[in-house]
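**Q** Following this message is one structure expressed as structure tokens.
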Amino acid sequence: MNLKRLYIHTIGCQMNVYDSEQIAMQLAAIGYEQTATLDDADLIIVNTCTVRAKAEQKAFSFLGRLAKIKRYKKRLIIGVGGCVAQQEGQRILERMPAIDLVFGTQAIERLPHLIQQIESRHCRIVDVDMAERPDIPDSVVGQQEPVQVAKFVTIMRGCDNYCAYCVVPFVRGRETSRQPESIIREIKALVAKGVKEVTLLGQNVNSYGKNQNLCSFAELLAMINEVEGLVRIRFTTSHPKDLGTDLISGFKDIIKLCSHIHLPVQSGSNRILKRMNRNYTREQYLDKVSELRDTCPQIAITSDIIVGFPGETETDFDQTLQLVETVEFDGLFAFQYSDRPPAPAVKLPDKISTSIISNRLQVILAYQDQLTRSKNQQMVGSTQQVLTDGLSKKEAAGGPAGGDPSLQWTGRTSTNKIVNFYVVASTANSLNLTGKMVAVHIDEGHSHSLSGRAVNLEPSLRGLKGVENYAA
Ligand code: 5AD
Ligand code: SF4
2 MNLKRLYIHT IGCQMNVYDS EQIAMQLAAI GYEQTATLDD ADLIIVNTCT
52 VRAKAEQKAF SFLGRLAKIK RYKKRLIIGV GGCVAQQEGQ RILERMPAID
102 LVFGTQAIER LPHLIQQIES RHCRIVDVDM AERPDIPDSV VGQQEPVQVA
152 KFVTIMRGCD NYCAYCVVPF VRGRETSRQP ESIIREIKAL VAKGVKEVTL
202 LGQNVNSYGK NQNLCSFAEL LAMINEVEGL VRIRFTTSHP KDLGTDLISG
252 FKDIIKLCSH IHLPVQSGSN RILKRMNRNY TREQYLDKVS ELRDTCPQIA
302 ITSDIIVGFP GETETDFDQT LQLVETVEFD GLFAFQYSDR PPAPAVKLPD
352 KISTSIISNR LQVILAYQDQ LTRSKNQQMV GSTQQVLTDG LSKKEAAGGP
402 AGGDPSLQWT GRTSTNKIVN FYVVASTANS LNLTGKMVAV HIDEGHSHSL
452 SGRAVNLEPS LRGLKGVENY AA
């Protein structure tokens with residue numbers, strides 16, 4: 002089999018990152034090896050996102066770049082996958098003659114066949130078929146990829162919630178959960194390759210299994226907790242309306258479950274939450290936050306906010322700001338509302354002007370930035386358990402400033418804070434800490450990360466869930 006080169010460009014969420022890995026492994030079966038260099042590629046796949054207008058613009062501008070490359074490289078095959086592909090289908094082929102393949106979010110398993118057809122018949126293909134409730138096939142765990150410490154595992158696809166602003170139910174289809182046995186099988190295979198942490202992915206993991214009579218999400222977590230060799234479990238995303246007491250208790254009882262939850266609130270105004278079809282009130286959201294903190298005091302809570310939803314008044318926005326101030330999130334993603342047809346909010350009156358939206362966005366981001374920084378600074382002096390991902394970027398770029406001879410490593414706390422650290426030891430440069438749990442004394446807190454030094458290279462698993470002080 003002739004070796005051919007594949008370049009994948011991924012835009013969007015973690016689900017797309019996971020799908021891109023599946024794309025790579027599917028195509029490895031027909032002789033494609035991944036390359037990091039665009040110019041080397043025989044096949045380029047763009048995995049797109051349409052959740053916000055900006056992501057879609059990014060996809061089309063990248064595709065425009067590819068069309069230029071194809072002018073002097075006629076045999077290059079270009080495929081577009083993901084949510085834009087699902088939504089636009091045939092229109093992409095009509096609009097862009099350089100594109101050979103448009104494949105939807107449920108066509109990944111058919112890719113080898115589709116690409117082989119294009120290779121042999123030089124045809125152009127659109128495959129955006131979506132089943133009513135598709136089976137989620139077993140994932141492929143590749144042999145050849147380098148071991149990473151943390152991996153994503155999709156446990157659900159699609160969404161049945163129909164939030165008024167959101168295009169996901171239309172491009173990812175109905176909510177479908179994967180069988181628990183298939184999930185456990187994949188996690189065991191990953192762990193056997195050296196993976197220590199998994200992040201379970203779904204649009205609304207709290208409703209896992211419900212419409213198919215599978216086990217509950219909390220039960221699934223308990224089963225995954227038993228996988229030997231796995232050190233940490235994370236998940237995303239939770240819908241506040243479905244966050245139940247059983248899952249909240251999991252933050253106390255499930256030892257490998259990290260102390261972090263991403264719980265998108267979207268707005269702090271009940272009027273807007275109703276218009277958004279979110280099915281909870283600000284009071285209910287705040288109650289869930291209290292319950293989470295009562296159960297797991299060290300838990301980090303992050304959230305998403307949409308600024309400028311149609312009809313959002315100054316009062317509504319103030320209520321959002323107040324909620325953000327009350328909760329004191331550990332991190333916040335704030336987005337400018339954008340119309341995403343066929344999401345129903347497109348038809349709502351009282352659209353907010355872009356200048357008002359960007360002012361509101363700035364206010365909220367400025368508040369959160371100073372809060373995140375001060376929260377990070379409060380951690381100075383504590384000792385944190387860090388699961389090491391590998392050498393830090395700074396290291397890759399030539400080592401720490403000031404000529405410090407020790408290597409700088411990077412990892413995350415259970416609360417999902419990035420920690421860059423070095424090891425003070427004569428043997429430091431010969432150690433490989435990748436995948437190791439290390440106790441790190443925090444010396445500095447920055448806007449997006451912490452930095453410090455390792456004080457114990459073999460901390461016990463006892464302190465897995467939180468902060469523990471070790472003698473240096
Ligand atoms: N406009 C702006 N933000 C959006 N999001 C989803 N749809 C839109 C939209 N139409 C945001 C939500 C969601 C995150 C993934 O993207 O905050 O939680
Ligand atoms: Fe979109 Fe709402 Fe489903 Fe999240 S829960 S994917 S915001 S429809």
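In the numbering used here, the protein residues as written are 2 to 473. Even for Gly, the Cβ is constructed at its ideal location relative to N, Cα and C. Since this is a predicted model, take the numbers as computed values, not measurements.
#1: Report yes if the C-beta of P170 is less than 7 angstroms from at least one heavy atom of the ligand SF4; otherwise report no.
#2: Can we say the region 334-353 touches the region 307-314, given the rule of at least three CB pairs closer than 8 angstroms?
#3: Any chance the CB of F336 is under 7 angstroms from a heavy atom of the ligand 5AD?
#4: Flag C259 as yes when its Cβ comes closer than 7 angstroms to any non-hydrogen atom of the ligand SF4, and as no otherwise.
#5: With DSSP run on the structure shown, which of helix, strand or coil describes G464?
#6: Taking the alpha carbon of G82 as the point to measure from, which residue in E198, D128, D444 and S239 has its own alpha carbon closest?
#7: Just to check, is the beta-carbon of C167 closer than 7 angstroms to a non-hydrogen atom of the ligand SF4?
#8: Could you tell me the alpha carbon to alpha carbon distance between F63 and D305, rounded to whole angstroms?
#9: Report, in whole angstroms, the separation of the C-beta atoms of L4 and G32, which I expect to be a contact under 8 angstroms.
#10: Hey, quick one: how far does the beta strand (DSSP E) through Q337 stretch, first residue to last?
#11: Look at the alpha carbon of Q267 and the alpha carbon of L274, and state the distance between them as a whole number of angstroms.
#12: Apply the 10 Å Cβ neighbour rule to T327 and answer buried if 16 or more other Cβ atoms are within range, or exposed otherwise.
#13: Quick one: what does DSSP say K152 is sitting in, helix, strand or coil?
#14: Taking the alpha carbon of D243 as the point to measure from, which residue in K257, R235, K289 and C216 has its own alpha carbon closest?
#15: Can you confirm whether the region 437-456 touches the region 406-425 when touching is taken to mean that 3 or more C-beta pairs between the two stretches lie within less than 8 angstroms?
#16: The ligand 5AD heavy atoms versus the CB of A344: any closer than 7 angstroms?
#17: Tell me the residue span of the alpha helix (DSSP H) that contains L115.
#18: I want to check one thing, is the minimum distance from the CB of N162 to the heavy atoms of the ligand SF4 below 7 angstroms?
#19: Have a look at E187, G391, F318 and S217 and flag the residue whose alpha-carbon is nearest the alpha-carbon of L362.
#20: Measuring only the C-alpha atoms, how far is F336 from K352?
#21: Using DSSP bridges, identify the partner residues of S304.
#22: Please report the residue range of the alpha helix (DSSP H) in which E34 lies.
#23: First and last residue of the beta strand (DSSP E) that includes D370?
#24: Expressed to the nearest angstrom, what Euclidean distance is found between the alpha-carbon atoms of A99 and D20?
#25: Three or more beta-carbon pairs under 8 angstroms between the region 8-27 and the region 150-157, yes or no?
#26: The ligand 5AD heavy atoms versus the CB of V47: any closer than 7 angstroms?
**A** Judging by the given coordinates:
#1: Mapped onto the sequence shown, residue 170 falls at position 169. Yes, Cβ of P170 sits closer than 7 angstroms to a heavy atom of the ligand SF4.
#2: yes
#3: As a working mapping, residue 336 is identified with position 335 in the sequence shown. F336 Cβ: within cutoff of the ligand 5AD.
#4: For the purposes of this step, residue 259 is taken as the residue at position 258 of the sequence shown. Flag unset: Cβ of C259 not near the ligand SF4.
#5: Along the sequence shown, read from residue 1 onward, the residue named residue 464 stands at position 463. Its pLDDT being 44, under 50, G464 is placed unreliably by the model, and the measurement read from it follows with that caveat. Residue state, collapsed to three classes: helix.
#6: For the purposes of this step, residue 82 is taken as residue 81 along the sequence shown, with counting starting at 1. For G82, the nearest C-alpha among the options comes from D128.
#7: In the sequence shown, counting from the first residue as 1, residue 167 sits at position 166. Yes; taking the cut-off as 7 angstroms, the Cβ of C167 has a heavy atom of the ligand SF4 nearer than that.
#8: What you label residue 63 is simply residue 62 of the sequence shown in a count that begins at 1. What you label residue 305 is simply residue 304 of the sequence shown in a count that begins at 1. Cα to Cα, the separation comes out at about 26 angstroms.
#9: By one-based count along the sequence shown, residue 4 stands at place 3. By one-based count along the sequence shown, residue 32 stands at place 31. Their Cβ separation, rounded to whole angstroms, is 6 angstroms, which keeps L4 and G32 in contact under 8 angstroms.
#10: Position 336 of the sequence shown, counting from 1, holds the residue named residue 337. Here the beta strand (DSSP E) through Q337 covers G332 to Q337.
#11: Working through the sequence shown from its first residue, we reach residue 267 at position 266. Working through the sequence shown from its first residue, we reach residue 274 at position 273. Cα to Cα, Q267 sits roughly 8 angstroms from L274.
#12: Taking the first residue of the sequence shown as 1, we reach residue 327 at position 326. Label assigned to T327: exposed.
#13: As a working mapping, residue 152 is identified with position 151 in the sequence shown. K152: strand per DSSP, three-state reduction.
#14: Here residue 243 is taken as the residue at index 242 of the sequence shown, counted from 1. Nearest C-alpha to D243: K289.
#15: The region 406-425 vs the region 437-456: in contact.
#16: In the sequence shown, the residue the question calls residue 344 occupies position 343. Yes, since a heavy atom of the ligand 5AD falls inside the 7 angstroms radius drawn around the Cβ of A344.
#17: By 1-based counting over the sequence shown, the position of residue 115 is 114. Per DSSP, L115 belongs to the alpha helix (DSSP H) from L112 to R122.
#18: To locate residue 162, count along the sequence shown from 1; it is residue 161. N162: yes, Cβ under 7 angstroms from the ligand SF4.
#19: Position 361 of the sequence shown, counted from the first residue, corresponds to residue 362. Ranking the options by Cα distance to L362, first place goes to F318.
#20: Residue numbering aside, residue 336 sits at position 335 when the sequence shown is read from its first letter. Residue numbering aside, residue 352 sits at position 351 when the sequence shown is read from its first letter. So the alpha carbons of these two residues sit roughly 15 angstroms apart.
#21: Counting from one through the sequence shown, the residue named residue 304 turns up at place 303. Beta-bridge pairing links S304 to L333.
#22: Sequence index remark: in the sequence shown, residue 34 carries index 33 (1-based). Taken as a continuous stretch (DSSP letters only), E34 belongs to no alpha helix (DSSP H), being part of the beta strand (DSSP E) at Y33 to Q35.
#23: As a working note, residue 370 is residue 369 in the sequence shown. It is not in any beta strand (DSSP E) - D370 instead sits in the alpha helix (DSSP H) that spans T355 to Q379.
#24: On the sequence shown, residue 99 is found 98 positions in, with the first residue counted as 1. On the sequence shown, residue 20 is found 19 positions in, with the first residue counted as 1. So the alpha carbons of these two residues sit roughly 23 angstroms apart.
#25: yes
#26: Along the sequence shown, read from residue 1 onward, the residue named residue 47 stands at position 46. Result no, Cβ not under 7 angstroms from the ligand 5AD.
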